[in-house]
Amino acid sequence: MHLTKEDEKILNGECGEGAQLAMQILYNLGEFYEASRMIEISSAQVSGVSYKTCGESLIDVLEQFAKGGARTCVPAYLNPAGMDLSRWKEMGITSEFAKPQLRIIDIYKSLGVLPTSSCTPYLMGNIPRRREHLAWSESSAVVFANTFFGARTNRESGISALASAIIGKTPLYGLHLIENRVPEVLFKISFTPEEVDYTLLGYYIGKKCGAKVPYIKGLSVVGRDQIKSLGAAIGAAGAVGLIHVENITPECGLYRREAITDIIKINASVMHDLRAEYAPPEVPDVVVLGCPHASVEELKFIAERLKGKKISRKLKLWVFTAGAVKCIAERMGWVQTIENAGGEVFCDTCMVVSPIISAEYDLVLTDSAKAAHYIPTLCGVPSGVLGTEDCINLALTGKLPD
Ligand code: F3S
Numbered sequence: 001m002h003l004t005k006e007d008e009k010i011l012n013g014e015c016g017e018g019a020q021l022a023m024q025i026l027y028n029l030g031e032f033y034e035a036s037r038m039i040e041i042s043s044a045q046v047s048g049v050s051y052k053t054c055g056e057s058l059i060d061v062l063e064q065f066a067k068g069g070a071r072t073c074v075p076a077y078l079n080p081a082g083m084d085l086s087r088w089k090e091m092g093i094t095s096e097f098a099k100p101q102l103r104i105i106d107i108y109k110s111l112g113v114l115p116t117s118s119c120t121p122y123l124m125g126n127i128p129r130r131r132e133h134l135a136w137s138e139s140s141a142v143v144f145a146n147t148f149f150g151a152r153t154n155r156e157s158g159i160s161a162l163a164s165a166i167i168g169k170t171p172l173y174g175l176h177l178i179e180n181r182v183p184e185v186l187f188k189i190s191f192t193p194e195e196v197d198y199t200l201l202g203y204y205i206g207k208k209c210g211a212k213v214p215y216i217k218g219l220s221v222v223g224r225d226q227i228k229s230l231g232a233a234i235g236a237a238g239a240v241g242l243i244h245v246e247n248i249t250p251e252c253g254l255y256r257r258e259a260i261t262d263i264i265k266i267n268a269s270v271m272h273d274l275r276a277e278y279a280p281p282e283v284p285d286v287v288v289l290g291c292p293h294a295s296v297e298e299l300k301f302i303a304e305r306l307k308g309k310k311i312s313r314k315l316k317l318w319v320f321t322a323g324a325v326k327c328i329a330e331r332m333g334w335v336q337t338i339e340n341a342g343g344e345v346f347c348d349t350c351m352v353v354s355p356i357i358s359a360e361y362d363l364v365l366t367d368s369a370k371a372a373h374y375i376p377t378l379c380g381v382p383s384g385v386l387g388t389e390d391c392i393n394l395a396l397t398g399k400l401p402d
């Protein structure tokens with residue numbers, strides 16, 4: 001990989017050990033993927049924050065950057081941590097967990113990474129433009145940035161995203177190159193989806209296309225939050241970083257019939273079977289919403305359905321969102337409505353990367369196929385999926401929908 005004179009100086013340690021470490025990581029990455037050179041990025045989004053998933057080894061690595069004097073030079077946003085940073089005691093988090101978790105946040109802050117602690121940086125002002133190069137690492141945010149904005153980012157690891165935030169560059173390979181953004185698998189949708197279908201469809205498509213770029217034709221009623229759901233599930237089931245959704249993705253024009261290797265038709269009967277496959281077999285103990293982190297509109301939807309009602313005493317309802325989004329929803333009174341009904345709204349974390357779901361529960365219900373994918377492996381509890389409205393109704397009645 002070609003390095004500029006400035007890059008070489010950094011690699012030789014002339015700009016400090018922290019920057020040298022960051023440049024070495026990017027250089028190795030670029031060599032591995034045979035990148036021709038580095039390109040400038042406009043922002044980074046850094047995963048690898050939760051003490052539950054990363055442990056002490058993360059602290060060691062971050063301390064190396066900090067001791068070496070590293071500092072970010074582009075806006076860098078942090079992924080969710082392992083707990084609500086202010087209400088961790090109410091989540092049942094122990095101080096043995098909270099102490100190192102807060103240390104991780106402090107080191108990131110000292111490096112210049114903003115403690116947004118969310119997987120939805122685009123809901124709090126980090127809105128990239130079309131063709132802008134980024135180094136984002138949370139898979140759902142990567143899919144969203146490539147798909148909805150037409151920005152360009154690979155699925156970075158937490159460390160490579162941090163290295164890019166420090167250097168302000170990333171190696172030129174993968175989804176930064178237009179030729180790798182051309183759709184390869186065509187999915188033809190022939191039904192009008194219900195709300196739950198976006199996440200289930202995403203999971204199905206992600207499993208079918210692996211690392212190939214999908215083109216989705218015929219998907220109706222698509223807004224920002226549906227793309228958020230669809231993209232998160234696709235990213236969880238496969239290695240996809242970009243989806244072309246007809247009439248939504250700015251680069252849909254890259255579609256070429258001759259580049260399509262597979263055509264997969266999805267009709268109402270396939271969708272019916274998917275809904276049945278992921279529906280909970282019995283009444284769960286816990287209902288979790290907000291994967292990816294809930295938007296202001298989603299919090300409003302939840303609050304409207306809970307207004308003046310009470311959640312069944314047999315169940316818990318937890319909603320996860322970003323601190324900045326929660327602040328707006330609090331001003332609108334929606335957080336209070338959800339909490340008056342017996343629910344909890346936590347920020348900075350989520351149902352997967354925090355220890356809030358433990359073996360004491362038998363079944364968790366969610367409206368997200370991504371959360372349902374990770375809860376059994378990372379929390380050790382089986383999961384089921386229903387639409388948001390059905391999840392809320394179940395939390396209120398304590399009964400499965402018909
Ligand atoms: Fe975000 Fe956690 Fe889901 S990080 S995408 S809410 S698993």
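Taken in order, the sequence shown gives residues 1 to 402; the numbers are from the working numbering.
Quick reminder that beta carbons are idealized off the backbone N, C-alpha and C, glycines included.
query: Distance CB(glycine 82)-CB(glutamine 64) smaller than 8 Å; result: no
query: Alpha-carbon spacing of glutamate 17 relative to leucine 26, whole angstroms; result: 14 Å
query: Between the CA atoms of alanine 233 and tyrosine 255 - distance to the nearest angstrom; result: 22 Å
query: Exposure of asparagine 79, with buried meaning 16 or more beta-carbon neighbours within 10 Å; result: buried
query: Cβ neighbour criterion (16 or more within 10 Å) applied to serine 95; result: exposed
query: Supposed close pair histidine 229, glycine 202 - CB separation, criterion 8 Å; result: The identity of residue 229 in the sequence shown is serine, whereas the question assumes histidine. Correct: roughly 7 Å between the Cβ atoms.
query: Inter-residue spacing [alpha-carbon to alpha-carbon] between valine 319 and valine 288; result: 6 Å
query: Backbone secondary structure at cysteine 350 - three-state DSSP; result: coil
query: For alanine 44, the residue or residues it bridges with in DSSP; result: Ala76, Ala135
query: Buried/exposed call for proline 376, threshold 16 Cβ in 10 Å; result: exposed
query: Buried or exposed by the 16-neighbour rule on C-beta atoms within 10 Å, applied to isoleucine 263; result: exposed
query: Lysine 265 versus glycine 174: straight-line alpha-carbon distance, rounded; result: 27 Å
query: Cα-Cα separation between glutamate 298 and leucine 162, rounded to whole angstroms; result: 30 Å
query: Which listed residue (Pro355, Phe301, Ala329, Cys291) has its alpha carbon closest to that of alanine 371; result: Cys291
query: DSSP state of isoleucine 356 mapped onto helix, strand, coil; result: coil
query: Lysine 370 CB to nearest heavy atom of the ligand F3S below 7 Å; result: yes
query: Distance CB(cysteine 379)-CB(isoleucine 357) smaller than 8 Å; result: yes
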